[in-house]
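Only one structure is covered here, and it is reproduced in the block below.
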Amino acid sequence: MELHDAIQRRASVRRFSDEPVPPAVIDALLAVAALAPSAHGRQPWQFIVIAPGQSRQRLVDAMAVEWRQHLAGDGVDIAQIVERHAASAARILAAPALLLPCIDRSLLDVYPDAHRQQAEYTMAVQSIGCAIQNILLSAVARGYDAGWMCAPLFCGDAVRREFALPATLDPQALIPVGRKAVEPKRRPKRGADALRLDR
Ligand SMILES: Cc1cc2nc3c(=O)[nH]c(=O)nc-3n(C[C@H](O)[C@H](O)[C@H](O)COP(=O)(O)O)c2cc1C
């Protein structure tokens, strides 16, 4: 598939068929993630593949506590919290394949001032975004689909604790991969307006 077709066809998929994703496809997606541009060429990421089963359930349970506290703090009522958590848990548990992209802070440059250190971290976030986009587009090019869930970003401590991840890993997202069960809703795009500065 042409790159442009993959870009056009990609959409966030939230419901997948039960068809498993062959390990070779996951390997291929990780391989294209590794080709992404990154600030200073540091490749400041670590991708974690979370197999279906026990690990997924542990992830869901670990994130639930913090997640529920956040929603309760926002004034969301308990029935809604339970409903939203159940929907999110179902997506995580049912994903045919599931990737957890993390920033690895041990790979970042160290600066003496907070401003440049913050910029370094921002560049790591930008870099991992490029790597994730490679995965999303390559999945489409291979006849698969993918989504994006930001939940681990808000429960990094819980995820690190549950899986005994090094303290330097910052979970960024969950990327479910599989074949779509239904055609995803196409979200309207704002278009390619740019400010053109010519003087
Ligand atoms: C940083 C980021 C975080 C996102 N988090 C979520 C999420 O938590 N749950 C979800 O269903 N979609 C999430 N998405 C997907 C967006 O909702 C989706 O990209 C957007 O609605 C546009 O739709 P499209 O991807 O189909 O073009 C996220 C996307 C990005 C880039």
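The numbering used here puts the first residue of the sequence shown at 138, with every later residue one more than the last. Just so it is clear, CB atoms sit at the ideal spot from N, CA and C, and this is done for glycine as well. Predicted model, so just to flag it, every value in this text is computed and none were measured.
Close beta carbons around residue i, own chain, < 8 Å, minus the five adjacent residues each side
i: Ala-171; result: Gln-180 and Ala-268
i: Lys-317; result: Val-150, Arg-152, Phe-153, Ser-154 and Asp-282
Of the residues the options, the one placed nearest residue i, counting alpha carbons only
i: Ala-231; options: Val-158, Arg-147, Ser-175 and Asp-335; result: Val-158
i: Arg-147; options: Gln-183, Glu-320 and Gly-328; result: Glu-320
i: Val-314; options: Gln-263, Glu-156 and Arg-333; result: Glu-156
i: Ile-312; options: Arg-221, Ala-209 and Leu-236; result: Leu-236
i: Pro-289; options: Asp-330, Ser-175 and His-207; result: His-207
i: Thr-259; options: Pro-160, Pro-233 and Ala-176; result: Ala-176
i: Pro-174; options: Val-202, His-141 and Asn-271; result: Asn-271
i: Cys-287; options: Val-262, Pro-303, Ala-304 and Ala-301; result: Val-262
i: Phe-300; options: Ala-223, Gln-145, Arg-193 and Pro-233; result: Arg-193
i: Ala-161; options: Pro-189, Ala-234 and Lys-326; result: Ala-234
i: Arg-323; options: Gln-145, Asp-335 and Pro-303; result: Gln-145
Residue i: first and last residue of the uninterrupted beta strand (DSSP E) it sits in
i: Leu-237; result: 234-241
i: Gly-178; result: No beta strand (DSSP E) holds Gly-178; DSSP gives it neither H nor E.
i: Leu-306; result: 306-308
i: Gly-315; result: 312-315
Sub-8 Å separation of residue i and residue j beta-carbons
i: Trp-182; j: Ile-265; result: yes
i: Ile-218; j: Val-186; result: no
i: Ala-199; j: Arg-298; result: yes
i: Val-202; j: Ala-295; result: yes
i: Thr-305; j: Arg-242; result: yes
Nonlocal neighbours in the same chain, by C-beta distance under 7 Å from residue i, ignoring five residues either side
i: Ala-278; result: Met-138 and Ala-143
i: Asp-211; result: none
Whole-angstrom C-beta distance between residue j and residue i, which should lie under 8 Å
i: Leu-167; j: Phe-184; result: 6 Å
i: Gly-284; j: Val-169; result: Contact flag wrong, Cβ pair sits at about 17 Å.
i: Gly-240; j: Asp-307; result: Reading off the sequence shown, one finds Ile at residue 240, where the question assumed Gly. The pair is a contact, with the Cβ atoms about 4 Å apart (cut-off 8 Å).
i: Ala-310; j: Pro-249; result: With 8 Å as the limit, Ala-310 and Pro-249 do not qualify as a contact, their Cβ atoms being about 30 Å apart.
First through last residue of the alpha helix (DSSP H) which encompasses residue i
i: Pro-160; result: 160-170
i: Pro-289; result: 288-291
i: Tyr-248; result: Per DSSP, Tyr-248 belongs to no alpha helix (DSSP H) and is neither H nor E.
i: Trp-285; result: It is not in any alpha helix (DSSP H) - Trp-285 carries neither H nor E in the DSSP assignment.
i: Gly-210; result: 191-210
i: Val-219; result: 215-231
i: Leu-173; result: The identity of residue 173 in the sequence shown is Ala, whereas the question assumes Leu. Run containing Ala-173: none; DSSP gives neither H nor E here.
i: Asp-142; result: 140-146
Close beta carbons around residue i, own chain, < 6 Å, minus the five adjacent residues each side
i: Glu-257; result: Leu-245 and Asp-246
i: Ser-275; result: Leu-166 and Val-169
Ligand 3 heavy atom lying under 7 Å from the CB of residue i
i: Cys-267; result: Absence of ligand 3 from the depicted structure is noted, with ligand 1 being the only ligands included.
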